[in-house]
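Right, one structure below, let's go through it.
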Amino acid sequence: MDIKEYIDHFPEIAQRERHEQFKLLEQAQAAAFTPSAQRSYTLYSWLVPLLWIAGIGAGLYFTLGFASWVPVVALIAGLVISRIMINNRREAMMRSGLKTVLEAPST
180 MDIKEYIDHF PEIAQRERHE QFKLLEQAQA AAFTPSAQRS YTLYSWLVPL LWIAGIGAGL
240 YFTLGFASWV PVVALIAGLV ISRIMINNRR EAMMRSGLKT VLEAPST
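180 is the number of the first residue of the sequence shown in the working numbering; add one for each residue after it.
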């Protein structure tokens, strides 16, 4: 995961120097993405698109019947919605990790 996209993103650390933000974000990533959290995030990243595509496709099929555009719309809409959800989940995990890092006593 590229943590550069989170530099100047979180107001808690936006006033700090860029290299300090980068170090804090690396620590936040390590705190948030533990092996078990990484496995669940990976599973989430695979299941959410599949479920959205299947759900939208089934909904369109039962309401409108089958047309050649139904799978295309289901695929595009499912991927867009799932990408937004996955990005929000990743940001929430990074925010949680950053909160943990900032609350930890400095050594």
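No residue lacks a Cβ here, since even glycine has one placed at the ideal position from N, Cα and C. Predicted model, so just to flag it, every value in this text is computed and none were measured.
- Is the Cβ-Cβ distance between Val-227 and Gly-236 less than 8 Å? no
- Label Ile-192 either buried or exposed according to how many other C-beta atoms from any shown protein chain fall within 10 Å of its C-beta, with 16 as the threshold for buried. buried
- Item | C-alpha gap between Met-264 and Leu-229, whole angstroms | 13 Å
- Message: Tell me the residue span of the alpha helix (DSSP H) that contains Arg-268.
- Response: 249-282
- Distance, Ile-186 Cα to Arg-197 Cα: 7 Å
- Option in Ala-256, Leu-204 and Trp-231 with minimal Cα separation from Ala-334: In the structure as shown, the chain starts at 180 and stops at 286, and residue 334 therefore has no counterpart that could be examined.
- Can you tell me whether Met-273 is buried or exposed, with buried defined as 16 or more other CB within 10 angstroms of its CB? buried
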